[in-house]
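*Asks:*
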Amino acid sequence: MSENKDKVFSNTVINWYPGHMAKTKRLIKEHLNLIDVVYEVIDARIPYSSKIVDIDDYIGNKPKILIMTKYDLCDVTETNKWVNYYENLGYKVIKADLINNFNKQQIIDITNELMSNINNNRLEKGMNKRKTRVLVVGIPNAGKSTLINRLVGKKATSVGNKPGVTKNLNWIRINDELELLDSPGILWPKFEDQKVAYNLASLTAIKEEILPVSEVVCYILKTLHTYYPNLLKDRYGLTEIDEDFIEAFDTIGRARGCLGKGGIVDDDKVCDIVLSDIKNGLLKGITFDRYEN
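In terms of the working numbering, the sequence shown opens at residue 1353 and continues consecutively.
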């Protein structure tokens, strides 16, 4: 931790695009003729960074609903700026608290609205309404599986706080009128903006095994200091962030008992604590993406 992390931020490049992500995009294209509506799941804490930049390349012009999950964990004031931004672009946006106050009917109603032209045409021809088939897509660990389970009303998919839980495309029946096609979390081949990459890494969309973990934690602490100094103080006892983060790690480590031999702070354990706080939703009211006109 002796080096200046501000310098490291500008030199370290984060990219993660395993083979299954390219495969998933190919499979989605192959199933596209079966799809009526797309649910794009994005993390309300990073409503810009978690939006898939190349999604239109493989879902075409399918009607789409943006579902902002983890809304209970975001900075509502900042995230709502992005809600307005996307709505002004013509998106249907749903703010979703999947844990405490989930509004299933809102999603169903908007889905039916998007299907109204198709079903009205069928009714005019004397045909029954068709079952709606929805593709659920999003970055890793955005909450797709939790969303599906809440829509189903029971556990239908595996849920975890690590990216990469879902491995294949899976059809899931919600009721007689709605089926979902669940897909693995996907990213894009190259992060043009490394701030986006660090935001994704901070909110656990990228596997820790391939990350410069200490740099990601420094980025988290620096971002909290910039936007949420009171949270940084209340959670970690920090009022300032030193240039090389040595004192910051030392303060957190001693407060949380992350000590090794000789009473020396174990930096790896400090990193685990900060990342765990993010994963488990203990750092609430945060939004790392900032909207600027």
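Each residue gets a CB set at the ideal place from its N, CA and C atoms; glycine is no exception.
1. Please classify Met1479: does DSSP put it in a helix, a strand, or coil?
2. With DSSP run on the structure shown, which of helix, strand or coil describes Asn1471?
3. Applying the criterion that 16 or more other CB atoms from any shown protein chain within 10 Å of the CB defines a buried residue, is Glu1644 buried or exposed?
4. Quick check on the DSSP output: what are the complete beta strand (DSSP E) runs of length 3 or more inside the segment 1524-1594, in order along the chain?
5. Would you mind stating whether Lys1447 and Met1479 have Cβ atoms separated by less than 7 Å?
6. Arg1642 by DSSP, collapsed to three states: which one?
7. With Arg1485 as the anchor, note down where its beta strand (DSSP E) starts and where it stops.
8. DSSP puts Val1390 in a beta bridge; with which residues?
9. Quick check: the Cα distance between Asn1385 and Tyr1437, rounded to an integer number of angstroms?
10. Identify the residues that DSSP records as bridge partners of Lys1444: which are they?
11. Taking DSSP as the reference, what is the three-state secondary structure of Leu1611?
12. Keeping to the same chain, check which residues put their C-beta closer than 6 Å to that of Lys1585; ignore five residues upstream and five downstream.
13. Along the alpha helix (DSSP H) that carries Asp1620, what are the first and last residues, could you check?
14. In terms of alpha-carbon separation, which member of Leu1441, Asp1424, Glu1430, Asp1427 lies closest to Leu1418?
15. Between Glu1544, Lys1542, Phe1543, Leu1521, which lies nearest to Leu1533 when the distance is taken from Cα to Cα?
16. Would you tell me roughly how many angstroms separate the C-alpha atoms of Asn1471 and Val1389, rounded to the nearest one?
17. Is Asp1596 helix, strand or coil by DSSP?
18. So, at 8 Å on beta carbons, what are the nonlocal neighbours of Lys1381 in its own chain, with the 5 sequence-adjacent residues on each side left out?
19. Once DSSP output is grouped into helix, strand and coil, what is the label at Asp1395?
20. With distances taken between CB atoms, is the gap from Gly1350 to Lys1422 smaller than 7 Å?
21. Is Asn1522 helix, strand or coil when you go by DSSP?
22. Can you tell me which of Arg1606, Ile1500, Leu1634 puts its alpha carbon nearest to the alpha carbon of Ile1460?
23. Strictly under 7 Å for the Cβ-Cβ distance: is Val1617 near chain C by that measure?
24. For Ser1402, does the three-state DSSP call read helix, strand or coil?
25. Please classify Leu1384: does DSSP put it in a helix, a strand, or coil?
26. Kindly confirm or deny that the segment 1540-1548 and the segment 1559-1569 touch, where touching means at least three C-beta pairs closer than 8 Å.
27. Which value, in whole angstroms, describes the spacing of the CA atoms of Asp1406 and Leu1466?
28. Rounded C-beta distance between Leu1573 and Ala1600? I'm assuming under 8 Å.
29. Under the assumption that Ser1401 contacts Asn1493 (Cβ atoms under 8 Å), give the Cβ distance between them as a whole number of angstroms.
*Replies:* The structure says:
1. coil
2. helix
3. exposed
4. 1530-1534
5. no
6. coil
7. 1484-1490
8. Lys1416, Leu1487
9. 30 Å
10. DSSP lists Ile1417 as partners of Lys1444.
11. strand
12. Thr1591
13. 1619-1631
14. Taking the Cα of Leu1418 as reference, the smallest distance to any Cα among Leu1441, Asp1424, Glu1430, Asp1427 is reached at Leu1441.
15. Leu1521
16. 13 Å
17. coil
18. Tyr1410
19. strand
20. Since the first residue shown for the chain is 1353 and the last is 1645, residue 1350 is missing from the structure and cannot be characterised.
21. strand
22. Ile1500
23. Of the protein chains in this structure there is only one, and it is not chain C.
24. Ser1402: coil per DSSP, three-state reduction.
25. helix
26. no
27. 22 Å
28. Ala1600 and Leu1573 do touch by the CB rule: their CB atoms are close to 6 Å apart, below 8 Å.
29. That pair is no contact at about 13 Å.
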